[in-house]
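Order-wise, the sequence lines are chains A and B.
Take 6 as the starting number for the first sequence in my numbering and just add one per residue.
Take 40 as the starting number for the second sequence in my numbering and just add one per residue.
Beneath this line is the structure, given in structure tokens, with notes to follow.
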Amino acid sequence: GEDVEQSLFLSVREGDSSVINCTYTDSSSTYLYWYKQEPGAGLQLLTYIFSNMDMKQDQRLTVLLNKKDKHLSLRIADTQTGDSAIYFCAESTGGFKTIFGAGTRLFVKA
Amino acid sequence: NAGVTQTPKFQVLKTGQSMTLQCAQDMNHNSMYWYRQDPGMGLRLIYYSASEGTTDKGEVPNGYNVSRLNKREFSLRLESAAPSQTSVYFCASSDSSGSTDTQYFGPGTRLTVL
């Protein structure tokens, strides 16, 4: 069945770049998403990429998609302490079904 | 424009008690969802409602029921709570007529079953 996998933790120093990786199994995914969850809150969409794109940049965020390897990454440039959160990778194949990964907890050290 | 709201924020139940989690959205979205979030397991879909008047099971529906009361409201009921249902519950909505099916989440209900 469909599955989305992410590493559970990442620690970086303030000002460095963070790279959060994700692999997925369903090659028919149409959209891939990155959501952010801050403590005590629900998930908020950060960015998404359509499956026919290789890269998407949005200010400090860069999303890279390797369809052949079913690998998605999120790069956060100049990481700040306010970026500390849990980041969820998700894939959608339509049909009201979005599969979420377990989330990567990003720690940013001052 | 409040987005997606959920009540209550916190709840403690004893095994066997029942309760209903409420969710409402003011974005005129067609689709609504209930997820549970457990440590290390991400979000798992319990039930969803593609449009007003329809509901369907997700990945983990056992022990739950839902009602799509109208376009705005989607409630989740636990008839006889069990400790395994201790979790954080999120409601979400999406405009499924759009292209990306981005989901908008409520702040969550933290439920403990003793």
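Backbone N, C-alpha and C define an ideal beta-carbon position, used for all residues, glycine too.
Quick caveat: nothing in here was measured; it's all calculated off a predicted structure.
Closer than 9 Å to chain B by CB, residue i
{"i": "Tyr151(A)", "result": "Residue 151(A) is absent from the structure shown; chain A starts at 6 and stops at 115."}
{"i": "Thr30(A)", "result": "no"}
{"i": "Ser97(A)", "result": "yes"}
{"i": "Gln62(A)", "result": "no"}
{"i": "Leu13(A)", "result": "yes"}
{"i": "Val68(A)", "result": "no"}
Whole-angstrom C-beta distance between residue j and residue i, which should lie under 8 Å
{"i": "Leu77(A)", "j": "Leu70(A)", "result": "5 Å"}
{"i": "Gly108(A)", "j": "Ala95(A)", "result": "Not a contact, Cβ separation roughly 10 Å."}
{"i": "Ala90(A)", "j": "Leu66(A)", "result": "That belief does not hold up - the Cβ atoms of Ala90(A) and Leu66(A) are roughly 13 Å apart, past 8 Å."}
{"i": "Lys48(B)", "j": "Pro146(B)", "result": "7 Å"}
{"i": "Cys130(B)", "j": "Met71(B)", "result": "7 Å"}
{"i": "Asp8(A)", "j": "Thr30(A)", "result": "5 Å"}
C-alpha gap between residue i and residue j, whole angstroms
{"i": "Tyr128(B)", "j": "Tyr38(A)", "result": "20 Å"}
{"i": "Lys3(A)", "j": "Asn109(B)", "result": "In the structure displayed, chain A extends from 6 to 115; residue 3(A) sits before or after that span and is not available."}
{"i": "Thr86(A)", "j": "Gln42(A)", "result": "14 Å"}
{"i": "Gln56(B)", "j": "Gln124(B)", "result": "12 Å"}
{"i": "Thr151(B)", "j": "Asn57(A)", "result": "43 Å"}
{"i": "Gln11(A)", "j": "Asn101(B)", "result": "27 Å"}
{"i": "Lys114(A)", "j": "Thr98(A)", "result": "36 Å"}
{"i": "Ser23(A)", "j": "Tyr92(A)", "result": "11 Å"}
{"i": "Phe216(B)", "j": "His68(B)", "result": "Since the first and last residues shown for chain B are 40 and 153, residue 216(B) lies out of range."}
{"i": "Met80(B)", "j": "Tyr53(A)", "result": "21 Å"}
{"i": "Leu15(A)", "j": "Ile25(A)", "result": "8 Å"}
{"i": "Thr28(A)", "j": "Leu13(A)", "result": "13 Å"}
{"i": "Thr44(B)", "j": "Tyr74(B)", "result": "14 Å"}
Any chain A beta carbon closer than 9 Å to residue i
{"i": "Phe144(B)", "result": "yes"}
{"i": "Gly99(B)", "result": "A small fix is needed here, since residue 99(B) is Val in this sequence, not Gly. Not one chain A Cβ lies under 9 Å of Val99(B)."}
{"i": "Leu82(B)", "result": "yes"}
{"i": "Gly79(B)", "result": "yes"}
Beta-carbon spacing of residue i, residue j below 9 Å
{"i": "Leu84(B)", "j": "Lys102(A)", "result": "yes"}
{"i": "Arg107(B)", "j": "Glu91(B)", "result": "yes"}
Sequence-distant residues of its chain with Cβ nearer than 6 Å to residue i (five each side left out)
{"i": "Ala41(B)", "result": "Asp65"}
{"i": "Glu98(B)", "result": "Arg83, Leu84"}
{"i": "Glu118(B)", "result": "Ser57"}
Sequence-distant residues of its chain with Cβ nearer than 7 Å to residue i (five each side left out)
{"i": "Thr46(B)", "result": "Gln61"}
{"i": "Thr141(B)", "result": "Ser133"}
{"i": "Gln76(B)", "result": "Leu82, Ser126, Val127, Phe129"}
{"i": "Lys61(A)", "result": "Thr52, Ile54, Val68"}
{"i": "Lys96(B)", "result": "Tyr86"}
{"i": "Glu19(A)", "result": "Thr84, Gln85, Thr86, Val113, Lys114, Ala115"}
Within chain E, partners of residue i - CB distance below 8 Å
{"i": "Ser70(B)", "result": "The structure shown contains no chain E; its protein chains are A and B."}
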